[in-house]
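Participant:
Protein chains: 2
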Amino acid sequence: MKQVHVEQIQKVIEAVKGKDIENIFFVACGGSMAALSFGDYFVTKDTDMPSFVYTSNEFIHRAPKALGEKSLVILKSHTGTTPETVGAATYARSKSALTVAISMDVESPLCQEAEFTVHYNYKDGSDAIDCEIGIYYTLLFKLLNLITGEEKYLRGVDQLSKLGELIERNQAKHKDVADAFGKKNKREKIIYTMASGAYIHHAYSFTSCLLMEMLWVNSNAIHSGEYFHGPFEITDYDVPFLMVVGEGPSTPLDQRALDFVTKYSENVEVVNVKEFDYTGVDEDLKEYFGPALAGPVLRLYADGLAEHTGHPLSVRRYMWKMEY
Amino acid sequence: MKQVHVEQIQKVIEAVKGKDIENIFFVACGGSMAALSFGDYFVTKDTDMPSFVYTSNEFIHRAPKALGEKSLVILKSHTGTTPETVGAATYARSKSALTVAISMDVESPLCQEAEFTVHYNYKDGSDAIDCEIGIYYTLLFKLLNLITGEEKYLRGVDQLSKLGELIERNQAKHKDVADAFGKKNKREKIIYTMASGAYIHHAYSFTSCLLMEMLWVNSNAIHSGEYFHGPFEITDYDVPFLMVVGEGPSTPLDQRALDFVTKYSENVEVVNVKEFDYTGVDEDLKEYFGPALAGPVLRLYADGLAEHTGHPLSVRRYMWKMEY
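Order-wise, the sequence lines are chains A and U. First residue of the first sequence? That's 0 in numbering that gives the first Met the number 0, and the numbers climb one at a time after it. First residue of the second sequence? That's 0 in numbering that gives the first Met the number 0, and the numbers climb one at a time after it.
(1) Closest to Leu-257(U) by CA distance: which of Asp-281(U), Gly-279(U), Glu-286(U) and His-222(U) is it?
(2) With a cut-off of 8 Å, does the C-beta of Ile-190(A) fall near any C-beta of chain U?
(3) Applying the 10 Å Cβ sphere with the 16-neighbour rule, what's the burial state of Glu-286(A)?
(4) From Ile-12(U) to Ala-88(U), what distance separates their C-alpha atoms?
(5) Which of the three DSSP states, helix, strand or coil, is assigned to Ala-194(A)?
(6) Does the CB of Pro-251(U) have a neighbour CB from chain A at under 8 Å?
(7) Using 8 Å for Cβ pairs, my map puts Asp-45(A) next to Lys-44(U). What's the rounded Cβ distance?
(8) One question on the structure: do Asn-120(A) and Phe-275(A) come within less than 8 Å of each other, judged by their Cβ atoms?
(9) In its own chain, which residues sit with a C-beta less than 8 Å from the C-beta of Lys-185(A), not counting the 5 before and 5 after it?
(10) For Asp-123(A), tell me which candidate among Gly-67(A), Glu-131(A) and Thr-116(A) has the shortest Cα-Cα distance.
(11) Looking at chain A, which residues of the segment 211-228 of chain U have a Cβ within less than 7 Å of any of its Cβ atoms?
(12) Using a cut-off of 7 Å between C-beta atoms, extract the partners of His-200(A) located in chain U.
(13) Pull up the distance between the alpha-carbon of Pro-230(U) and that of Lys-174(U), whole angstroms please.
(14) For Pro-49(A), decide whether its Cβ has a neighbour in chain U, counting only Cβ atoms nearer than 8 Å.
(15) Just verifying my parser: in three-state terms, what is the DSSP assignment at His-173(A)?
(16) Return no unless some Cβ of chain A is closer than 8 Å to the Cβ of Phe-231(U).
(17) Would you mind telling me which residues of chain A sit closer than 7 Å to Asp-45(U), beta carbon to beta carbon, in chain order?
(18) Going along the chain, which unbroken runs of the alpha helix (DSSP H) with 4 or more residues stay wholly within the segment 227-282 of chain A?
(19) Taking the alpha carbon of Leu-97(A) as the point to measure from, which residue in Ser-70(A), Tyr-263(A) and His-200(A) has its own alpha carbon closest?
(20) At a cut of 8 Å, does the segment 139-151 of chain U reach the segment 240-257 of chain U through at least three beta carbon pairs?
(21) Between the C-alpha atoms of Ser-204(U) and Gly-30(U), what's the straight-line distance to the nearest angstrom?
(22) Is Asp-104(A) closer than 8 Å to Thr-78(A) when the C-beta atoms are compared?
(23) Quick check: the Cα distance between Asp-281(A) and Leu-159(A), rounded to an integer number of angstroms?
(24) Kindly list, in the order they appear in chain A, the residues whose Cβ is closer than 8 Å to that of Thr-89(U).
(25) Run the CB neighbour count on Val-5(U), radius 10 Å, all protein chains shown included, and call it buried at 16 or more, exposed below.
(26) Under a CB-based cut-off of 8 Å, is Gly-245(U) close to chain A?
(27) Does the segment 194-204 of chain U come within contact of the segment 240-252 of chain U, defined as at least 3 CB pairs closer than 8 Å?
(28) By DSSP, does Thr-46(U) sit in helix, in strand, or in coil?
(29) Quick one: is Thr-54(U) near chain A, going by C-beta distance under 8 Å?
(30) Give a yes or no on whether the minimum CB-CB distance between Asn-144(A) and chain U is below 8 Å.
(31) Quick check: Glu-232(U) and Tyr-317(A), are their CB atoms within less than 8 Å of each other?
(32) Does DSSP put Thr-81(A) in a helix, a strand or coil?
(33) Relative to the C-alpha of Ile-8(U), which candidate in Leu-299(U), Ile-128(U) and Arg-61(U) has its C-alpha closest?
(34) Under the DSSP definition of a beta bridge, which residues are partnered with Met-54(A)?
(35) So which residues on chain U does Arg-324(A) lean against when the C-beta distance must stay under 7 Å?
(36) Would you verify that the beta carbon of Phe-259(A) is, or is not, closer than 8 Å to some beta carbon of chain U?
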């Protein structure tokens, strides 16, 4: 990892150590909120530290009472310009919280607004450890180690050196099926996603940012545990589902939903994270690496749709084109 | 309120008083989870008590570390038979948490499993104060009063005596437009819902339980604050939206989304909770009564669709018909 990144993350850890932190807020919008949510997932699973996720403007307007000088607020915006997230940083600082901005641009308004900054490289040929997932996971593992004292998270930091290689290998493993998924589903107007545990946040990103935003395909991210309490009635032989079977404690929920959905729909695509290549990752760390690897793999399924629909992922009708 | 209900709620309040409660978990499935979520919304907005919502099986499998003897776990199942929620009660008790089951059937497995029971009447001609919303709001107001010491929640309990009348009046006000909505949208295969704050849980219920489950209409509950970070790209002149403009601090988020969506879609139905009839409710209590009244009003829009599609809300293809 680049020295500047090591130092930025270390400064955050030292700042957290120096304050009596009582709760953590993960605050961002859209895909960035979903990406931060893995932090909330692991904090709630592994520690008794209260942790919350908010979309930035809800955070500002609801004004959660638990936010204060003993709060750690982690914010993220790819460009660092998302106005609601910049506003959330301003609001969190006004409440004396410890604020950390994660962005690819340290000169951005968000990074100017937050007390601490964690930068990541983006599509500049840097190793995965210095890019979005590697940087965030390093921060998370170090935070989890600080809160719990458990050594496994430090092993996690070490094993992140495998991240780039593992992303490549797992992408290679899914390239052809993802392309076939795109071909098979290119005429579909609606594709549901389904997942649980940490992976519900991948389903949310895929639904909101890839299907609805970039591909103009209708969608809804269904929680595998909620499926049987309403949404499953929409299932029919010709209703497409993209199902993530996770690597983690809630896999049985996914398996149960998968058993049902494959019985009544003839168009179910499964991304089985349990079957990913985890070479070099310890058994007890797989559930952390699973969500880290699932994002780049899922992206291929959107690429497949883009290729076969002739609708590039870069096309927008509203975003960046007008004030809103 | 019936004496038995007064006593059940009082027992819960005494039990909470008698324990050093450090966090609250709201645990249920589907529409029951959404209904409980209003509690989480008000607890996070008005108090610094950590509060969390889980769908029952995710709760059991994630096994949040913060759950313990200082936890209050509020569970709900209409019939009290939802297996995942019964399992969640068992799990919470195994962790020595204080468990409260809310159900229409006190003999149900859920009520047998939980330490405390809060019953509500269902479609038996009882006054609204003894039914689902009245009972839950009474419990919530008393809990909020206990945690914060603020008197306004006790005024809230008093003013719940108006609930039945207000539900009727607001339903009467929306009956015709809800029917017209059903007629206008009877051929639609997808209808999006949108809301923020407490009302996102209404959008979730409407999407999951009314549109997808009962009407087999594709849907997704979009958070008004998230709309601009992905989902808004799906908007087009012929894409139907059912938009809830809430009464509460996040109304500006709804208003912003409404301004955009009405510009680019010609089929936006608005349920404006700010314009509801709140006769007899104090100004500072409107944001609590808004979500209580929005449910019965929104139900009319599903009735309108059922009437004009000839697809009764009671029809299912899988639920109650097979093992799953």
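Heads up, the beta-carbon is just placed ideally off N, CA and C, and yes, glycines get one too.
Facilitator: Straight from the coordinates:
(1) For the purposes of this step, residue 257(U) is taken as the residue at position 258 of the second sequence. That would be His-222(U), whose Cα lies nearest to the Cα of Leu-257(U).
(2) Residue mapping note: residue 190(A) aligns to position 191 of the first sequence, counting from 1. The Cβ of Ile-190(A) sits no closer than 8 Å to any Cβ of chain U.
(3) The residue labelled residue 286(A) in the question sits at position 287 within the first sequence. In this structure Glu-286(A) is buried. Its beta-carbon is surrounded by 16 or more other beta-carbon atoms within 10 angstroms.
(4) The residue you call residue 12(U) lines up with position 13 of the second sequence. The residue you call residue 88(U) lines up with position 89 of the second sequence. Rounded to the nearest angstrom, the two C-alpha atoms are 19 Å apart.
(5) By 1-based counting over the first sequence, the position of residue 194(A) is 195. It is a strand residue.
(6) Here residue 251(U) is taken as the residue at index 252 of the second sequence, counted from 1. Closer than 8 Å: yes.
(7) Within the first sequence, the letter at position 46 stands for residue 45(A). Within the second sequence, the letter at position 45 stands for residue 44(U). Rounded to whole angstroms, the Cβ separation of Asp-45(A) and Lys-44(U) is 27 Å, and the two are not in contact under 8 Å.
(8) Taking the first sequence and counting its residues from 1, the one referred to as residue 120(A) is at position 121. Taking the first sequence and counting its residues from 1, the one referred to as residue 275(A) is at position 276. Not a contact, by the Cβ cut-off of 8 Å.
(9) In the first sequence, residue 185(A) corresponds to position 186, counting from 1. Taken in chain order, the residues that qualify are Leu-304, His-307 and Thr-308.
(10) Against the first sequence, residue 123(A) aligns to sequence position 124. Put simply, of Gly-67(A), Glu-131(A) and Thr-116(A) the residue whose alpha carbon is nearest the alpha carbon of Asp-123(A) is Glu-131(A).
(11) Within the segment 211-228 of chain U, Met-211, Glu-212, Trp-215, Asn-217, Ser-218, Asn-219, His-222, Gly-224, Glu-225, Phe-227 and His-228 place their CB atoms closer than 7 Å to a CB of chain A, listed in sequence order.
(12) Your numbering for residue 200(A) matches position 201 in the first sequence. Going along chain U, no residue has its Cβ under 7 Å from His-200(A), so there is no contact; the nearest lies around 13 Å.
(13) Against the second sequence, residue 230(U) aligns to sequence position 231. Against the second sequence, residue 174(U) aligns to sequence position 175. Using only the alpha carbons, I get a separation of about 30 Å.
(14) In the first sequence, the residue the question calls residue 49(A) occupies position 50. Between Pro-49(A) and chain U, the shortest Cβ-Cβ separation is below 8 Å.
(15) As a position in the first sequence, residue 173(A) is number 174, starting the count at 1. Shown here, His-173(A) sits in a helix according to DSSP, grouped into three states.
(16) On the second sequence, residue 231(U) is found 232 positions in, with the first residue counted as 1. Chain A, which has a Cβ nearer than 8 Å to the Cβ of Phe-231(U), makes this yes.
(17) On the second sequence, position 46 is the one that residue 45(U) refers to. Ordered by position in chain A, the residues that pass the 7 Å Cβ test against Asp-45(U) are Lys-64.
(18) Runs of the alpha helix (DSSP H) inside the segment 227-282 of chain A: 250-263.
(19) Position 98 of the first sequence, counted from the first residue, corresponds to residue 97(A). When only C-alpha atoms are compared, the closest one is Ser-70(A).
(20) Here the segment 139-151 of chain U does not lie against the segment 240-257 of chain U, with fewer than 3 beta-carbon pairs under 8 Å apart.
(21) Working through the second sequence from its first residue, we reach residue 204(U) at position 205. Working through the second sequence from its first residue, we reach residue 30(U) at position 31. Spanning the two alpha carbons is a distance of roughly 5 Å.
(22) The residue you call residue 78(A) lines up with position 79 of the first sequence. The residue you call residue 104(A) lines up with position 105 of the first sequence. A contact, by the Cβ cut-off of 8 Å.
(23) For the purposes of this step, residue 281(A) is taken as residue 282 along the first sequence, with counting starting at 1. For the purposes of this step, residue 159(A) is taken as residue 160 along the first sequence, with counting starting at 1. For Asp-281(A) and Leu-159(A), the distance between alpha carbons rounds to 11 Å.
(24) As a working mapping, residue 89(U) is identified with position 90 in the second sequence. Against chain A, a Cβ distance below 8 Å from Thr-89(U) picks out nothing, because the smallest value is about 16 Å.
(25) Locating residue 5(U) in the second sequence gives position 6, counting from the first residue. Burial call: exposed.
(26) Here residue 245(U) is taken as the residue at index 246 of the second sequence, counted from 1. Under the 8 Å criterion on CB atoms, Gly-245(U) is classed as non-interfacial with respect to chain A.
(27) Output reads yes: the segment 240-252 of chain U touches the segment 194-204 of chain U.
(28) As a first step, residue 46(U) is located in the second sequence; it is residue number 47 there, counting from the start. In the structure shown, Thr-46(U) sits in coil (DSSP, three-state: anything other than H, G, I, E or B).
(29) Sequence index remark: in the second sequence, residue 54(U) carries index 55 (1-based). Yes, contact with chain A.
(30) Position 145 of the first sequence, counted from the start, is the residue given in the question as residue 144(A). Not an interface residue.
(31) Mapped onto the second sequence, residue 232(U) falls at position 233. Mapped onto the first sequence, residue 317(A) falls at position 318. Taking the C-beta atoms as reference points, Tyr-317(A) is found nearer than 8 Å to Glu-232(U).
(32) Along the first sequence, one-based indexing puts residue 81(A) at 82. DSSP places Thr-81(A) in coil when its eight states are reduced to three.
(33) Indexing the second sequence from 1 puts residue 8(U) at position 9. Of Leu-299(U), Ile-128(U) and Arg-61(U), the residue nearest in Cα terms is Ile-128(U).
(34) On the first sequence, position 55 is the one that residue 54(A) refers to. Position check: residue 54(A) holds Thr in this sequence, whereas Met was assumed. Beta-bridge pairing links Thr-54(A) to Ala-27(A).
(35) The question about residue 324(A) has no answer here: the residues shown for chain A are numbered 0 through 323.
(36) Counting from 1 along the first sequence, the entry for residue 259(A) is found at position 260. True, the Cβ-Cβ gap to chain U drops below 8 Å.
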